[in-house]
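Peer 1:
In the numbering used here, the protein residues as written are -7 to 293.
(1) Can you give, in chain order, each stretch of the beta strand (DSSP E) that sits fully within the region 80 to 162 and has at least 3 residues?
(2) Going straight from the alpha carbon of residue 204 to that of residue 159, what length do you get?
(3) Please classify residue 200 as buried or exposed, where buried requires at least 16 other C-beta atoms within 10 Å of its C-beta.
(4) Okay, do the region 15 to 29 and the region 217 to 230 touch, 3+ Cβ pairs below 8 Å being the bar?
(5) Quick one: measure Cβ to Cβ for residue 237 and residue 123, integer angstroms, because I've assumed they're closer than 8 Å.
(6) Of the choices 118, 210, 195, 86, whose alpha-carbon is the least far from that of residue 150?
(7) Use the C-beta contact count for residue 130: other C-beta atoms within 10 angstroms, 16 or more gives buried, fewer gives exposed.
(8) Please return the same chain residues whose Cβ sits closer than 8 Å to the Cβ of residue 206, not counting the five positions on each side in sequence.
(9) Can you give me the C-alpha to C-alpha distance between residue 253 and residue 13, rounded to a whole angstrom?
(10) Check whether the region 269 to 286 and the region 109 to 129 touch, using three or more Cβ-Cβ pairs below 8 Å as the test.
(11) Can you give, in chain order, each stretch of the alpha helix (DSSP H) that sits fully within the region 210 to 264 and has at least 4 residues?
(12) Would you tell me roughly how many angstroms separate the C-alpha atoms of residue 265 and residue 135, rounded to the nearest one?
(13) For residue 47, report the span of its alpha helix (DSSP H) as first-last.
(14) Three-state secondary structure (DSSP) at residue 188?
(15) Would residue 46 pass as a contact of residue 188 if the rule is Cβ separation under 7 Å?
(16) Quick one: any contact between the region 101 to 114 and the region 57 to 77, if contact means 3 or more CB pairs under 8 Å?
(17) For residue 280, name the three-state secondary structure that DSSP assigns.
(18) Can you tell me whether DSSP reads residue 18 as helix, strand or coil?
(19) Taking all protein chains shown into account, decide if residue 148 is buried (16 or more other Cβ within 10 angstroms of its Cβ) or exposed.
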């Protein structure tokens, strides 16, 4: 009973961390366009957020005395995790350059379903039918909430967005199976060190480092970098505590929270269908958590 209770608490804390990560990433979604309007570009933001995240986590680990070398195999696994996650940034921002934002975000959020499929293949167990149905419901709700128009799709943009989705799903499953015994902060620090190096090379190759102009833009940039620096450690800790499928499902809330914040902060107006879509996503996430909790609610002795 004690082990079961501890497992239940761990799952609950993991779910809460996933919601926090969703909220922090939603804030970055709201602020990013203003940075581009102020003269910055995706390559610069990718590099800065990777560097700040790695530096922040590294400093915390150093000050708490937890920064240490891992076993050689684990160090290699962390590097692979960073390389997998690198495809998320490249795919996402490349897709955004050629396709509508709503379409790209919708395709990105195929990753909870992909995570479930990959996890099922690895564990050789069929995915829970209820969970799959709820993920499809959440995806449909996102389509409504994001107001995805029936426009002609850019195949290159679609492929890049799907590459980002595969990158997220692959990273979650890889970390869950290869690095579950390592603290999430240690993994995230190394992942973003890898990303910092890669994106620095990317910016130098493009010769396109550009900070946003204006005092307000600087404040927005700082806010976004701080939010991002806390978001992904929280996310990967949530994956360790609640599992990749449960955490990925909760992350469907990120676009919905972005819409809510755009209404509150930017005074944007949303349609009835968008509101209905947001409600469907929230309902799917809440019901999925209940279903998953019941499925592993067998007391362990």
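Idealized CB from N, CA, C, for every residue including glycine.
Peer 2: On the basis of the supplied data:
(1) none
(2) As a working mapping, residue 204 is identified with position 212 in the chain shown. As a working mapping, residue 159 is identified with position 167 in the chain shown. Distance between the alpha carbons of residue 204 and residue 159 is about 28 Å.
(3) On the chain shown, position 208 is the one that residue 200 refers to. Exposed, since its Cβ has fewer than 16 Cβ neighbours within 10 Å.
(4) yes
(5) Reading the chain shown from its first residue, position 245 is the one you call residue 237. Reading the chain shown from its first residue, position 131 is the one you call residue 123. Rounded, the Cβ-Cβ distance is 7 Å, consistent with contact.
(6) In the chain shown, residue 150 corresponds to position 158, counting from 1. Nearest C-alpha to residue 150: 86.
(7) On the chain shown, residue 130 is found 138 positions in, with the first residue counted as 1. Buried, because 16 or more other Cβ atoms sit within 10 Å of the Cβ of residue 130.
(8) Locating residue 206 in the chain shown gives position 214, where the first residue counts as 1. Around residue 206: 30.
(9) As a working note, residue 253 is residue 261 in the chain shown. As a working note, residue 13 is residue 21 in the chain shown. Going by the C-alpha atoms only, they are around 15 Å apart.
(10) yes
(11) 236 to 242, 245 to 257
(12) As a working mapping, residue 265 is identified with position 273 in the chain shown. As a working mapping, residue 135 is identified with position 143 in the chain shown. Using only the alpha carbons, I get a separation of about 10 Å.
(13) The sequence position of residue 47 within the chain shown is 55, counting from 1. Segment 34 to 55, the alpha helix (DSSP H) holding residue 47.
(14) Here residue 188 refers to the residue found at position 196 of the chain shown. Looking at residue 188 - three-state DSSP - the assignment turns out to be helix.
(15) Within the chain shown, residue 46 is the residue found at index 54, counting from 1. Within the chain shown, residue 188 is the residue found at index 196, counting from 1. Yes, Cβ-Cβ distance for residue 46 and residue 188 is below 7 Å.
(16) no
(17) Taking the first residue of the chain shown as position 1, residue 280 is located at position 288. If DSSP states are grouped into helix, strand and coil, residue 280 belongs with the helices.
(18) Looking up residue 18 in the chain shown gives position 26. Residue 18 falls in the helix class under three-state DSSP.
(19) Here residue 148 refers to the residue found at position 156 of the chain shown. Counting Cβ neighbours within 10 Å, residue 148 comes out exposed, since fewer than 16 surround it.
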